[in-house]
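Novice: Structure provided below as structure tokens; questions to follow.
Residue numbers (my numbering): 46 to 154.
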């Protein structure tokens, strides 16, 4: 089941999720036994603390810029970039002076 998305429309994913001051806003679009698809909006100076990926995952940077730490290596993600996580891969995301919006797909087992 898709939440908040109607059929027969052209969409811009980044416009479906809004920013919350000083926070990371999570908008679930699809949740099933096999996968999760969500949008996350990071306000300036926000942090998603380090955690292991619950399944193989892919993020799609839609807007802005974020810093990603994955398994001890640092990356900068910009709009148009994608990044794959292995199940269990430890990672964190943070923003500095930029807001950031991403789409997230997680494969569940």
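A virtual CB, placed ideally from N, CA and C, is assigned to each residue, including glycine.
One question on the structure: do residue 58 and residue 107 come within less than 9 Å of each other, judged by their Cβ atoms?
Specialist: yes
Novice: Under the DSSP definition of a beta bridge, which residues are partnered with residue 90?
Specialist: According to DSSP, residue 90 bridges with nothing at all.
Novice: What number of angstroms, rounded off, separates the C-alpha of residue 82 from the C-alpha of residue 72?
Specialist: Residue 72 has its alpha-carbon roughly 9 Å from the corresponding atom of residue 82.
Novice: Could you tell me the distance, in whole angstroms, from the CA atom of residue 70 to the CA atom of residue 144?
Specialist: 11 Å
Novice: Do the region 114-130 and the region 83-93 meet, that is, are 3 or more Cβ pairs less than 8 Å apart?
Specialist: no
Novice: Which residue comes first and which comes last in the beta strand (DSSP E) that contains residue 139?
Specialist: Per DSSP, residue 139 belongs to the beta strand (DSSP E) from 135-139.
Novice: My output table needs one value for residue 98: the three-state DSSP class, helix, strand or coil.
Specialist: coil
Novice: Ordered along the chain, which non-local residues of its own chain (more than five positions away) have a Cβ less than 7 Å from that of residue 74?
Specialist: 47, 48, 49, 50, 82, 83 and 84
Novice: Go ahead and pull the three-state DSSP assignment for residue 59.
Specialist: helix
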